[in-house]
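Colleague: This is the structure I want to talk about, given as structure tokens.
2 protein chains.
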Amino acid sequence: MIGVFDSGIGGLTVVRALMQEIPSYTIAYFGDTARTPYGSKSRQTVIQYALEDSEFLMKQGAKIIVIACNTASSAATEILMENFPLPIFEVISPAVELAVQSSKRLRIGVIGTRATIASGIYEKKIREIAPRAKVYSVPCPLLVPLVEEGWLNKSETRMIVKKYLHPLKEKQIDTLILGCTHYPILKDIIQHKIGKRVTLIDSSLAVANKIKNFLRTHPAINTTMIKDSAAKFFVSDVTPQFEKTAQALLKKQIRLESIRL
Amino acid sequence: MIGVFDSGIGGLTVVRALMQEIPSYTIAYFGDTARTPYGSKSRQTVIQYALEDSEFLMKQGAKIIVIACNTASSAATEILMENFPLPIFEVISPAVELAVQSSKRLRIGVIGTRATIASGIYEKKIREIAPRAKVYSVPCPLLVPLVEEGWLNKSETRMIVKKYLHPLKEKQIDTLILGCTHYPILKDIIQHKIGKRVTLIDSSLAVANKIKNFLRTHPAINTTMIKDSAAKFFVSDVTPQFEKTAQALLKKQIRLESIRL
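Each protein sequence line maps, in turn, to chains S and V.
Just so you know, my numbering puts the end of the first sequence at 261, numbered straight through with nothing missing.
Just so you know, my numbering puts the end of the second sequence at 522, numbered straight through with nothing missing.
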């Protein structure tokens, strides 16, 4: 079983990518909807939540854990690796590797929540593998609430996306990392506003491919995984928006279980 | 000591009103910033949080409790009254009474979070005292994140306010209840978009006046209250935005204490 967690619904883009790339593996998803969003909270609080979320997934039988939330990936990956004896995947490194491979002029933009951008983790990881890269980062804190509200095609959303992307357009980036698992849901608007020559990097697809390769090269872990049983979805608070968005994203009926951490 | 709680920063508008109306009373404020916002969460979760918030304030020495959050007021007032042997004030009834007094044609609009509007509590309370009133309610879930982000005077905020208020304008309301403690921060934009003939009802001022009268008429409780000591501010997560907004609202330096519930 692959355990996936996020602060709310954003991580479902990772579930969607896993279902596409490795459909036979069973997934347990936990969305911490009772404490969402993580992106405007402090590092210490995000770390505490990530520890609790992972603990829960491990108890459910997860053999690998995917941090399907950029905020938690930036704050808590190392601490989770220290605390849990399982392979831990985060959404930042796969996106960084893909961005550096795709970018011709190494002018890379990054958008994310306030917490993710403040952590500086994308700059750091990009420079580790491409020291000459120019990296331009912009926090876009209103995009998560816009997605959570389902304002996916309103003129206000388009205006706000345009405003956020304006400084990146001026910097003539050729590659843009969608540094928040909510953002692939706004992919079309973002592509339109940044221009069609800019390559968008979707971290959910990047991490799904990384996990696919990992499982292929680690047969000992691979054989311990439950396969071909239906995905399980757990949330800390059941709201009508979660069900609606989940079904729209995954194109299937899902059953939600409510748990209290 | 007056204990005041909210999901985050919105309840500071109530603190500001209390400091204006009854400046000598000591206030302890708790902002549940680690779990903010409450407005998109389920009733059961909001009730649980409100119980924990009140428990904390009582332990700090609060002699009365103010639920400075409309979502929590609509979900949890009765349960808090059953569980705590203290006078409990909520922000809904004072606003309703003031709105009914102010409205000439009894065409009253209400704006609030998704949870507050879904509860139907404003309609119910208005009809109890004015059965012939016409009540029109609109959920405005994006206003809280816009305020929390400090987008107080951006064109996108004005457009979103306009979009939300459009159906109320068509109904020719004469009074509009700001049914969320964040909204007084956007008062000028709201007044501009709904039109200057519409009376805005600010629940933070309404509840502060209610408490002032209560203390005047209940000397036995009044004498047990700590007075003239500095206000205390507790949050479950320390973020730079909280301090910034608090200082802008209250026009003074505050010291934040971080606690974990």
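For each residue, glycine too, the CB sits at the ideal point set by N, CA and C.
Using a Cβ cut-off of 8 Å (strictly closer), state whether LYS432 of chain V contacts chain S.
Modeller: Looking up residue 432 of chain V in the second sequence gives position 171. Not closer than 8 Å to any Cβ of chain S, the Cβ of LYS432 of chain V fails to qualify, so no.
Colleague: Along the chain, where does the alpha helix (DSSP H) that runs through ASP449 of chain V open and close?
Modeller: Residue 449 of chain V sits at position 188 when you count from the first residue of the second sequence. 448 to 455 is the extent of the alpha helix (DSSP H) around ASP449 of chain V.
Colleague: Residues bridged to PRO139 of chain S by DSSP?
Modeller: Sequence index remark: in the first sequence, residue 139 of chain S carries index 139 (1-based). S:GLY112, per the DSSP bridge assignment.
Colleague: Span of the beta strand (DSSP E) holding GLU90 of chain S?
Modeller: Start at 1 with the first residue of the first sequence, and residue 90 of chain S comes out as number 90. GLU90 of chain S -> beta strand (DSSP E) spans 88 to 90.
Colleague: Quick one: residues in its chain with C-beta nearer than 6 Å to the C-beta of ILE79 of chain S, no 5 flanking neighbours on either side, listed in chain order?
Modeller: Looking up residue 79 of chain S in the first sequence gives position 79. So the list reads ILE47, once near-sequence residues are dropped.
Colleague: Give a yes or no on whether the C-beta atoms belonging to ALA133 of chain S and ILE108 of chain S are separated by under 8 Å.
Modeller: Residue numbering aside, residue 133 of chain S sits at position 133 when the first sequence is read from its first letter. Residue numbering aside, residue 108 of chain S sits at position 108 when the first sequence is read from its first letter. Taking 8 Å as the Cβ cut-off, ALA133 of chain S and ILE108 of chain S qualify as a contacting pair.
Colleague: Grab the span of the beta strand (DSSP E) containing TYR29 of chain S for me, first residue to last.
Modeller: Translated into the one-based positions of the first sequence, residue 29 of chain S becomes position 29. That run of the beta strand (DSSP E) goes 27 to 31.
Colleague: Please list, in chain order, all residues of the same chain as GLY411 of chain V whose beta carbon is under 8 Å from its beta carbon, the five residues on each side excluded.
Modeller: Counting from one through the second sequence, the residue named residue 411 of chain V turns up at place 150. GLN502, LYS505, THR506.
Colleague: Helix, strand or coil for VAL198 of chain S per DSSP?
Modeller: Position 198 of the first sequence, counting from 1, holds the residue named residue 198 of chain S. DSSP places VAL198 of chain S in coil when its eight states are reduced to three.
Colleague: Please tell me whether SER74 of chain S has its Cβ less than 8 Å away from any Cβ of chain V.
Modeller: Your numbering for residue 74 of chain S matches position 74 in the first sequence. With 8 Å as the cut-off, SER74 of chain S does not count as an interface residue toward chain V.
Colleague: Using a cut-off of 8 Å between C-beta atoms, extract the partners of MET420 of chain V located in chain S.
Modeller: Residue 420 of chain V sits at position 159 when you count from the first residue of the second sequence. Result: SER155, GLU156, MET159.
Colleague: Output the boundary residues of the alpha helix (DSSP H) element that contains LEU51 of chain S.
Modeller: Counting from 1 along the first sequence, the entry for residue 51 of chain S is found at position 51. Counting along the chain, the alpha helix (DSSP H) containing LEU51 of chain S begins and ends at 43 to 60.
Colleague: Can you name the residues of chain S whose CB is closer than 7 Å to the CB of ASP498 of chain V?
Modeller: To locate residue 498 of chain V, count along the second sequence from 1; it is residue 237. What ASP498 of chain V touches in chain S: LYS41, SER42, THR45.
Colleague: For THR217 of chain S, which of helix, strand or coil comes out of DSSP?
Modeller: Stepping through the first sequence from its first residue, residue 217 of chain S is reached at position 217. In the structure shown, THR217 of chain S sits in a helix (DSSP, three-state: H, G or I).
Colleague: With distances taken Cα to Cα, identify the nearest neighbour of HIS443 of chain V among V:ALA509, V:SER416, V:GLY373, V:LYS457.
Modeller: Taking the first residue of the second sequence as position 1, residue 443 of chain V is located at position 182. When only C-alpha atoms are compared, the closest one is V:GLY373.
Colleague: For SER301 of chain V, name the three-state secondary structure that DSSP assigns.
Modeller: For the purposes of this step, residue 301 of chain V is identified with residue 40 of the second sequence, where counting begins at 1. Of the three classes helix, strand and coil, the one that applies to SER301 of chain V here is coil, per DSSP.
Colleague: At a cut of 8 Å, does the stretch 58 to 76 of chain S reach the stretch 87 to 98 of chain S through at least three beta carbon pairs?
Modeller: Segments in contact, yes.
Colleague: Buried or exposed: where does ASP322 of chain S fall if 16 or more other Cβ atoms within 10 Å of its Cβ makes it buried?
Modeller: Any question about residue 322 of chain S goes unanswered here, given that chain S covers just 1 to 261.
Colleague: If we define contact as Cβ-Cβ less than 8 Å, is ARG35 of chain S a contact residue for chain V?
Modeller: Mapped onto the first sequence, residue 35 of chain S falls at position 35. Cβ-Cβ to chain V under 8 Å: yes for ARG35 of chain S.
Colleague: Here's a check: name, in chain order, each residue in its chain whose Cβ is nearer than 6 Å to the Cβ of ALA17 of chain S, leaving out the five neighbours to either side.
Modeller: To locate residue 17 of chain S, count along the first sequence from 1; it is residue 17. So the qualifying residues of the chain are SER204, LEU205, ALA208.
Colleague: Per DSSP, what are the beta-bridge partners of GLY3 of chain S in this structure?
Modeller: Residue mapping note: residue 3 of chain S aligns to position 3 of the first sequence, counting from 1. S:ALA28, S:ILE65.
Colleague: With 7 Å as the limit, tell me which residues of the stretch 113 to 145 of chain S have their beta carbon closer than that to any beta carbon of chain V; keep them in chain order.
Modeller: Cβ contacts with chain V: PRO141, LEU142, PRO145.
Colleague: What three-state label does DSSP hand LEU205 of chain S in the structure shown?
Modeller: Position 205 of the first sequence, counted from the start, is the residue given in the question as residue 205 of chain S. Helix, per DSSP.
Colleague: Specify whether the stretch 218 to 234 of chain S and the stretch 60 to 70 of chain S touch according to this definition: at least 3 beta carbon pairs, one from each stretch, less than 8 Å apart.
Modeller: Result yes; three or more Cβ-Cβ pairs closer than 8 Å.
Colleague: Looking only at C-alpha atoms, which of S:SER42, S:GLU55, S:VAL100 sits nearest to GLU123 of chain S?
Modeller: Reading the first sequence from its first residue, position 123 is the one you call residue 123 of chain S. Closest by alpha carbon: S:VAL100.
Colleague: Per the DSSP calculation, THR436 of chain V is bridged to which residue(s)?
Modeller: Locating residue 436 of chain V in the second sequence gives position 175, counting from the first residue. Partner(s): V:ILE369, V:THR460.
Colleague: Along chain S, in chain order, which residues have C-beta atoms closer than 7 Å to that of GLN508 of chain V?
Modeller: Looking up residue 508 of chain V in the second sequence gives position 247. Neighbours of GLN508 of chain V on chain S: none; closest Cβ ~18 Å, over 7 Å.
Colleague: Is there a C-beta anywhere in chain A that falls below 8 Å from the one on GLU316 of chain V?
Modeller: Any reference to chain A falls outside this structure, whose protein chains are S and V.
Colleague: What did DSSP end up calling GLU149 of chain S once you bin it into helix, strand or coil?
Modeller: Here residue 149 of chain S refers to the residue found at position 149 of the first sequence. Note: GLU149 of chain S maps to coil in three-state DSSP.
Colleague: May I ask which residues mark the beginning and end of the beta strand (DSSP E) holding PHE234 of chain S?
Modeller: Position 234 of the first sequence, counting from 1, holds the residue named residue 234 of chain S. Residues 232 to 235.
Colleague: Cβ closer than 9 Å: which chain S residues qualify as neighbours of LYS493 of chain V?
Modeller: By 1-based counting over the second sequence, the position of residue 493 of chain V is 232. Residues of chain S passing the Cβ test: none, with the nearest at roughly 20 Å.
Colleague: Which residues share a DSSP beta bridge with GLU518 of chain V?
Modeller: Position 257 of the second sequence, counting from 1, holds the residue named residue 518 of chain V. Answer is V:PHE495.
Colleague: CA-CA distance, VAL422 of chain V and GLY292 of chain V?
Modeller: In the second sequence, counting from the first residue as 1, residue 422 of chain V sits at position 161. In the second sequence, counting from the first residue as 1, residue 292 of chain V sits at position 31. About 25 Å.
Colleague: Does the Cβ-Cβ distance between LEU261 of chain S and PHE233 of chain S come in under 8 Å?
Modeller: Within the first sequence, numbered from 1, the residue matching residue 261 of chain S stands at position 261. Within the first sequence, numbered from 1, the residue matching residue 233 of chain S stands at position 233. The answer is no: Cβ separation not under 8 Å.
Colleague: Identify, in the order they occur along the chain, each residue of the same chain with its Cβ nearer than 6 Å to the Cβ of SER285 of chain V, setting aside the five sequence neighbours on each side.
Modeller: In the second sequence, counting from the first residue as 1, residue 285 of chain V sits at position 24. Within the same chain, SER285 of chain V has close Cβ partners LYS488, ASP489.
Colleague: Could you check which residue in V:PRO406, V:LYS430, V:LEU312 has the C-alpha nearest to that of HIS453 of chain V?
Modeller: Within the second sequence, the letter at position 192 stands for residue 453 of chain V. Among V:PRO406, V:LYS430, V:LEU312, the Cα nearest to that of HIS453 of chain V is on V:LYS430.
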